[in-house]
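Chains as they are written, first to last, in the working numbering: chain W, 108 to 359; chain Y, 11 to 76. Backbone N, C-alpha and C define an ideal beta-carbon position, used for all residues, glycine too. Remember, it's a predicted structure, so these values are computed and weren't measured experimentally.
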């Protein structure tokens with residue numbers, strides 16, 4: 108356990124020194140503020156750009172628009188997060204900087220699990236930051252009650268953790284950044300492709316990110332999502348077991 | 011434009027974050043003159059004039075190894 112905490116500490120320091128934490132915090136904070144403001148001023152902006160004599164019918168913005176922005180931008184933020192953190196495992200493997208620590212008796216399981224924990228914690232905190240800022244601004248700018256607000260946020264968060272686990276699996280499998288990114292991208296594209304099959308669509312983890320707005324309008328609720336959530340949790344555990352297993356066999 | 015002034019309290023923090031990122035990146039560019047690719051003038055322009063994306067691209071792809 109001591110080794111776990113020490114290594115996690117090292118990961119956190121590395122995150123600060125390489126400016127990764129700064130970038131992620133800035134991006135998530137920025138989008139958190141932009142979401143409600145954009146939703147609020149978008150109709151005014153659009154009508155002010157319209158030439159004279161032309162009018163377009165626009166609904167007054169509501170809290171729903173702000174959260175629509177949140178989920179639309181969050182997919183971009185996941186991509187930024189994965190790109191920024193794709194190196195945590197992969198660069199250490201490709202450069203061989205882990206050799207010293209592993210030969211001194213640090214177990215391989217500890218390395219990968221503490222790295223995964225640190226990236227997951229950073230993802231959780233920055234996601235919470237973005238959610239909190241959007242929540243606060245939305246409450247102020249576009250007040251309104253929405254159903255399933257936290258469930259929708261949770262499902263998006265869980266998908267982020269899932270992609271994080273896939274990224275670790277890819278990092279160990281290919282031992283370089285491009286492999287890690289390709290695995291994560293490939294996994295997402297695969298999810299999109301199998302989403303065409305109606306039976307799969309009902310239970311696919313992709314449901315966690317594609318149907319957030321339906322949750323917020325109340326058309327779906329927890330019972331519709333529980334299988335997707337369970338499958339995502341199983342996939343996270345599966346990918347991590349796979350990553351640990353591969354890492355144990357890999358020559359460094 | 012009056013509508014925009016009304017939103018100043020919300021736009022100012024956004025501008026502050028952008029400036030903060032740009033300045034951090036600018037100092038880093040000036041103090042660590044080794045890049046994975048490109049040169050100092052190029053990175054200064056990118057970091058200062060490409061909003062948000064510029065500093066991120068610099069820290070993720072352009073920053074050289076110590």
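- Contact between the region 266-277 of chain W and the region 166-174 of chain W is absent: fewer than 3 CB-CB pairs across the two stretches fall below 8 Å.
- Between the alpha carbons of residue 236 (chain W) and residue 160 (chain W) lies a distance of about 43 Å.
- Residue 255 (chain W) counts as buried, since at least 16 other C-beta atoms from the protein chains shown sit within 10 angstroms of its C-beta.
- Here the C-alpha atom of residue 228 (chain W) lies approximately 11 Å from the C-alpha atom of residue 118 (chain W).
- Per DSSP, the unbroken alpha helix (DSSP H) holding residue 124 (chain W) starts and ends at 109-124.
- Close partners of residue 22 (chain Y) in chain W (Cβ separation under 9 Å) are lacking, with about 10 Å as the shortest Cβ gap.
- Residue 322 (chain W) has its alpha-carbon roughly 20 Å from the corresponding atom of residue 240 (chain W).
- When C-alpha distances from residue 195 (chain W) are compared across W:221, W:249, W:337 and W:231, the shortest belongs to W:221.
- In this structure, the alpha-carbon of residue 147 (chain W) lies about 8 Å from that of residue 173 (chain W).
- For the region 111-127 of chain W, the set of positions with a beta-carbon nearer than 7 Å to some beta-carbon of chain Y reads 126 in chain order.
- Looking at W:345, W:253, W:205 and W:111, the one whose alpha-carbon comes closest to that of residue 225 (chain W) is W:111.
- For residue 48 (chain Y), there is no enclosing alpha helix (DSSP H), as DSSP marks it with neither H nor E.
- Considering only W:249, W:198 and W:234, the residue with the shortest C-alpha distance to residue 180 (chain W) is W:234.
- For the set W:309, W:176, W:351 and W:344, the Cα lying nearest the Cα of residue 334 (chain W) is the one of W:309.
- Those residues of the region 51-76 of chain Y placed with their C-beta closer than 8 Å to a C-beta in chain W are 62, 65, 66, 69, 70 and 73, ordered along the chain.
- Here the C-alpha atom of residue 238 (chain W) lies approximately 21 Å from the C-alpha atom of residue 66 (chain Y).
- Short of 7 Å from the beta carbon of residue 177 (chain W), and not among the five residues preceding or following it, lie these beta carbons of its own chain, in chain order: 142 and 241.
- Annotation: residue 338 (chain W) to residue 311 (chain W) spans about 8 Å, alpha carbon to alpha carbon.
- Judged by their CB atoms, residue 223 (chain W) and residue 131 (chain W) are not nearer to each other than the 8 Å cut-off.
- In the three-state DSSP reduction, residue 333 (chain W) falls in the helix class (H, G or I).
- For the set W:356, W:116, W:137 and W:313, the Cα lying nearest the Cα of residue 282 (chain W) is the one of W:356.
- Uninterrupted alpha helix (DSSP H) stretches at least 4 residues long and entirely within the region 183-238 of chain W occur at 194-202 and 206-210, given in chain order.
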